[in-house]
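The block underneath contains the structure these notes are about, expressed in structure tokens.
In the UniProt record's numbering, the protein residues as written are 1 to 392.
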């Protein structure tokens with residue numbers, strides 16, 4: 001029997017009377033951290049409060065597939081075609097520095113161009129861009145802005161905790177579960193803590209070999225979904241630099257990414273998993289992995305990365321001048337759930353503060369070429385000519 005997909009209605013989200021007040025507190029803490037990071041972060045620049053260290057800005061192309069079933073051909077995926085794109089690979093930590101200090105949580109942020117329709121950001125409705133900000137895990141360790149208030153503080157101060165060895169680690173874990181003493185015992189954050197431990201055990205991998213999820217649920221037109229980018233099997237099989245040892249050098253993730261893209265193109269499948277059961281596939285609980293047996297992920301598009309050279313400091317400079325947010329989307333793809341709603345204004349205010357401190361213009365580009373310049377296209381003779389690379 002065919003699966004019955006849950007239709008989107010506004011009441012799939014829970015109301016929170018303290019939401020706006022708590023969001024403003026998060027914003028103030030975030031702005032303070034970004035301001036202090038200019039000196040404390042070690043780079044001389046204001047850092048993002050999450051995914052602070054980028055591994056490279058990559059040119060890409062998204063091919064939206066034709067012939068999709070109607071439940072999947074929703075929103076931007078209802079119109080087959082190709083869109084130029086930019087991709088930022090990053091570490092999930094709010095800190096910079098050697099890779100071994102930052103852990104194996106990584107992110108893939110995607111910006112697509114020439115997407116019609118207004119975005120959900122009031123101050124930039126007509127940019128024509130569409131973003132994803134995905135992480136390399138199917139779950140997340142924070143469900144509400146109320147809990148984010150103490151979880152954010154823990155992660156910003158994590159180096160101080162763990163520099164004290166086991167006693168410091170024990171204090172970190174205790175403060176996580178108890179909300180730094182603010183939670184009643186019956187409300188301790190066990191589910192979120194266990195999700196954090198699961199993600200912390202993710203083994204380090206070449207960023208091209210990881211899958212990346214939307215963290216929480218999103219609208220998919222008439223339905224509810226999670227979206228993931230997963231390596232195309234044949235592209236993944238061709239990767240040479242498969243073993244990543246963060247203790248072997250200060251920089252390991254970026255050199256591996258650079259080397260692969262200099263030698264060969266790459267492909268991710270963009271997949272949609274539609275919700276069939278709000279109890280077992282919840283919107284408001286990001287610690288729950290949606291079972292594939294209830295609703296398998298279906299490929300709706302392909303993200304193609306052409307062979308390219310991303311080495312050089314200018315690549316990192318251009319990457320860090322960009323802004324990515326899960327709310328730079330059309331209404332048919334709105335993020336859902338308390339923690340996803342939190343990201344809207346927090347990401348916007350974080351971006352404004354960071355760009356101001358770094359004296360960078362905060363404007364959305366209209367094309368990948370505007371950021372990276374025209375791509376080099378290989379000619380049969382081995383020479384190059386300026387032109388758009390159309391992928392492989």
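Idealized CB from N, CA, C, for every residue including glycine.
Apart from the five residues on each side of it in sequence, which residues of its chain come closer than 7 Å, Cβ to Cβ, to residue i?
| i | result |
| --- | --- |
| residue 148 | 26, 142, 339 and 342 |
| residue 22 | 145, 146 and 149 |
| residue 254 | 55 and 56 |
| residue 129 | 111, 112, 113, 115, 328 and 364 |
| residue 309 | 262 |
| residue 11 | none |
| residue 154 | 172, 175 and 176 |
| residue 278 | 6 and 12 |
| residue 318 | 57, 371 and 372 |
| residue 407 | What is shown of the chain runs 1 to 392, which leaves residue 407 out entirely. |
| residue 334 | 120, 218 and 219 |
| residue 14 | 284 and 338 |
Can the beta-carbon of residue i be found less than 8 Å from the beta-carbon of residue j?
| i | j | result |
| --- | --- | --- |
| residue 105 | residue 199 | yes |
| residue 273 | residue 236 | no |
| residue 367 | residue 84 | yes |
| residue 293 | residue 228 | no |
| residue 196 | residue 230 | no |
| residue 298 | residue 336 | no |
| residue 92 | residue 135 | yes |
| residue 121 | residue 348 | yes |
| residue 177 | residue 193 | yes |
| residue 53 | residue 96 | yes |
| residue 332 | residue 75 | yes |
| residue 46 | residue 302 | no |
| residue 265 | residue 307 | yes |
| residue 300 | residue 68 | yes |
| residue 140 | residue 287 | yes |
| residue 214 | residue 132 | yes |
| residue 100 | residue 80 | no |
| residue 248 | residue 3 | no |
| residue 109 | residue 90 | yes |
What would DSSP say about residue i, mapped onto helix, strand or coil?
| i | result |
| --- | --- |
| residue 15 | coil |
| residue 417 | There is no way to answer for residue 417, as the model of the chain reaches only from 1 to 392. |
| residue 244 | coil |
| residue 251 | coil |
| residue 384 | Residue placement at residue 384 is poorly supported in this model, since its pLDDT is 48, which falls under 50; the coordinates are not used for a value here. |
| residue 6 | coil |
| residue 180 | coil |
| residue 68 | coil |
| residue 193 | helix |
| residue 346 | helix |
| residue 231 | strand |
| residue 21 | helix |
| residue 226 | strand |
| residue 1 | Note that residue 1 scores 42 on pLDDT, short of 50, meaning its location in the model is unreliable and no value can be drawn from it. |
| residue 258 | helix |
| residue 154 | helix |
| residue 47 | coil |
| residue 59 | strand |
| residue 41 | coil |
| residue 186 | helix |
| residue 137 | coil |
Excluding five sequence neighbours on each side, which residues of the same chain lie with their C-beta closer than 6 Å to the C-beta of residue i?
| i | result |
| --- | --- |
| residue 98 | 250 |
| residue 118 | 125 |
| residue 323 | 351 |
| residue 156 | 33 and 94 |
| residue 204 | 104, 244 and 246 |
| residue 191 | 287 |
| residue 137 | 199 |
| residue 252 | 99, 244 and 246 |
| residue 41 | 47 and 96 |
Can you list, in chain order, the residues of its chain whose CB lies under 8 Å from that of residue i, leaving out five sequence neighbours each side?
| i | result |
| --- | --- |
| residue 394 | Any question about residue 394 goes unanswered here, given that the chain covers just 1 to 392. |
| residue 259 | 240 and 241 |
| residue 188 | 177, 178 and 179 |
Can you find a CB in chain B that lies within less than 8 Å of the CB of residue i?
| i | result |
| --- | --- |
| residue 48 | Of the protein chains in this structure there is only one, and it is not chain B. |
Alpha helix (DSSP H) segments (min. 4 residues) lying fully within the segment 260-342: 313-320
Contained beta strand (DSSP E) runs [length at least 3] in the segment 198-224, N- to C-terminal order: 218-220
Inside the segment 73-134 only - beta strand (DSSP E) runs reaching at least 3 residues: 81-91 and 106-112
Given 8 Å, three or more beta-carbon pairs between the segment 56-69 and the segment 33-41: no
Touch test, the segment 344-362 against the segment 314-333, Cβ-Cβ under 8 Å, three pairs minimum: yes
Validate contact between the segment 172-182 and the segment 207-221 using beta carbons, cut 8 Å, 3 pairs: no
Contact the segment 303-323 vs the segment 71-87: 3+ CB pairs below 8 Å: yes
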